[in-house]
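Protein chains in written order, with the numbering used here: chain A, 116 to 392; chain B, 2 to 134.
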């Protein structure tokens with residue numbers, strides 16, 4: 116008898132961007148409105164495995180989660196070993212759009228978490244007519260304090276990246292799912308989490324630019340109450356500054372809702388997806 | 002005002018820690034001297050290969066420790082609840098100025114913080130065990 120399988124299917128696509136070609140891994144399932152999922156700093160699209168496999172979401176959405184260059188199954192570009200990895204707003208927003216164009220996606224929804232939530236502001240500001248909607252999970256206009264050299268220190272085992280974020284998850288989230296999220300972080304490439312956090316805490320600062328977001332693209336902010344990197348108050352305050360944005364608090368959940376507690380997360384995600392579809 | 006975090010409580014906590022392996026592998030490498038400050042009550046836990054071999058109450062001129070985790074009693078009371086409320090569930094949450102704008106409830110992590118980061122997982126596990134005391 117054949118064993119059961121998840122419906123998630125993986126591909127590689129070559130994305131041209133800024134004079135380079137990036138071999139990018141992505142997984143998908145479903146059909147309908149493209150729903151492009153952005154992983155958090157330092158990890159990869161595995162965080163969205165539950166949402167990709169979800170039959171109810173797959174009825175109306177083509178759920179796609181890709182790994183940024185140097186994350187997961189997307190290798191770093193040639194010459195990476197001679198550079199310090201640093202993620203910038205310009206690269207992150209531009210590459211996300213380039214990925215959507217590489218798959219010829221028409222008016223996709225982008226759903227991002229943490230740094231993926233923050234970049235929703237860049238996408239709304241830079242490309243106001245490109246996206247159908249933006250879902251900013253654990254996102255806000257400014258999230259300081261996380262660009263830490265300790266995350267790439269030869270004196271410390273690389274599981275420091277995983278340990279540094281474990282407490283961001285709610286104690287109510289199932290232990291096995293929390294350890295699965297921990298596992299993803301423990302597998303990040305050297306220096307990648309730190310480099311992503313340059314974007315998250317240094318380059319990402321929308322406190323002034325936020326006034327220029329015109330509201331053409333609806334933005335849904337949803338944040339877990341245990342998140343102490345981007346608190347619920349920070350997300351709510353950000354949403355209030357943007358036309359056509361709304362905020363939802365997720366109770367009993369933390370910074371990685373899609374992977375730490377997919378059942379609880381779905382109860383908050385579905386109303387948003389139903390509004391969009 | 003007396004708190005529950007007295008010599009007897011810490012002895013029970015030591016018993017809970019020593020009754021189990023912290024983690025299968027790296028917990029055995031957990032060797033350090035860790036000061037835990039519950040308000041004015043301070044205890045130095047002498048940890049060797051994942052076991053608390055001695056507890057020193059209070060500091061003397063000869064006290065040695067690698068790092069200290071100090072917080073008000075009220076903060077530890079929140080942490081030791083099961084489950085702990087938001088922003089009181091993790092040392093990095095408890096020391097975050099974003100979550101605790103005033104010093105009155107904020108945790109202080111001081112000393113050789115490299116040791117804290119090296120043994121973060123083990124430290125988290127033994128602190129979680131305070132909920133079993």
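Every residue gets a Cβ at the ideal spot worked out from N, C-alpha and C, and that includes glycine.
Going by alpha carbons, who is nearest to residue 47/B out of 124/B, 93/B, 133/B? In the second chain, residue 47/B corresponds to position 46, counting from 1. Nearest neighbour of residue 47/B by Cα position, chosen from 124/B, 93/B, 133/B, turns out to be 124/B.
Using the rule of at least 16 other Cβ atoms within 10 Å of the residue's Cβ for burial, across every protein chain shown, is residue 15/B buried or exposed? Here residue 15/B refers to the residue found at position 14 of the second chain. Burial call: buried.
Quick one: does residue 289/A have its CB under 7 Å from some CB of chain B? On the first chain, residue 289/A is found 174 positions in, with the first residue counted as 1. At a cut-off of 7 Å, the C-beta of residue 289/A has no neighbouring C-beta in chain B.
Proximal residues to residue 37/B (C-beta, below 6 Å), its chain only, five neighbours per side dropped: Mapped onto the second chain, residue 37/B falls at position 36. 44, 70.
Which listed residue (312/A, 225/A, 333/A, 381/A) has its alpha carbon closest to that of residue 368/A: On the first chain, residue 368/A is found 253 positions in, with the first residue counted as 1. The residue with the shortest Cα to Cα distance from residue 368/A is 381/A.
For residue 188/A, collect the residues of the same chain with a Cβ closer than 6 Å to its Cβ; drop the 5 residues on either side in sequence, then sort them by chain order. For this step, residue 188/A is matched to residue 73 along the first chain. Cβ within range, chain order: 140, 182.
May I have a chain-ordered list of the beta strand (DSSP E) segments no shorter than 3 residues that lie completely inside the segment 220-305 of chain A? Here the runs fully enclosed are 224-228, 248-252.
Does the beta carbon of residue 262/A come closer than 7 Å to any beta carbon on chain B? Position 147 of the first chain, counted from the start, is the residue given in the question as residue 262/A. For residue 262/A, the answer is no, since every Cβ of chain B falls outside 7 Å of its Cβ.
Of the choices 245/A, 331/A, 279/A, 254/A, whose alpha-carbon is the least far from that of residue 347/A? Mapped onto the first chain, residue 347/A falls at position 232. Ranking 245/A, 331/A, 279/A, 254/A by CA distance to the CA of residue 347/A puts 254/A first.
Assigned secondary structure, residue 395/A (DSSP; H/G/I helix, E/B strand, else coil): Outside the displayed span of chain A (116 to 392) sits residue 395/A, for which this structure offers no information.
Just verifying my parser: in three-state terms, what is the DSSP assignment at residue 33/B? Position 32 of the second chain, counted from the first residue, corresponds to residue 33/B. When secondary structure is reduced to three states using DSSP, residue 33/B falls in the strand class.
Give a single yes or no on whether residue 199/A has its beta carbon closer than 6 Å to a heavy atom of the ligand MG. This structure lacks the ligand MG, and indeed carries no ligand of any kind.
With a CB to CB cut of under 6 Å and the five nearest residues on each side skipped, what residues in its chain are close to residue 121/A? Working through the first chain from its first residue, we reach residue 121/A at position 6. 168, listed in sequence order.
Use the C-beta contact count for residue 97/B: other C-beta atoms within 10 angstroms, 16 or more gives buried, fewer gives exposed. To locate residue 97/B, count along the second chain from 1; it is residue 96. Burial call: buried.
Between the beta-carbon of residue 344/A and the beta-carbon of residue 283/A, is there less than 7 Å? The residue given as residue 344/A occupies position 229 in the first chain. The residue given as residue 283/A occupies position 168 in the first chain. Judged by their CB atoms, residue 344/A and residue 283/A are nearer to each other than the 7 Å cut-off.
Need the endpoints of the beta strand (DSSP E) that residue 26/B sits in, please. On the second chain, residue 26/B is found 25 positions in, with the first residue counted as 1. Here residue 26/B belongs to no beta strand (DSSP E), and DSSP marks it neither H nor E.
For a contact defined as C-beta to C-beta under 8 Å, what are the partners of residue 75/B on chain A? Along the second chain, one-based indexing puts residue 75/B at 74. In chain order: nothing, as chain A lies at least about 18 Å away.
Does any residue of chain A bring its CB to less than 7 Å from the CB of residue 100/B? Looking up residue 100/B in the second chain gives position 99. Yes, residue 100/B counts as interfacial toward chain A.
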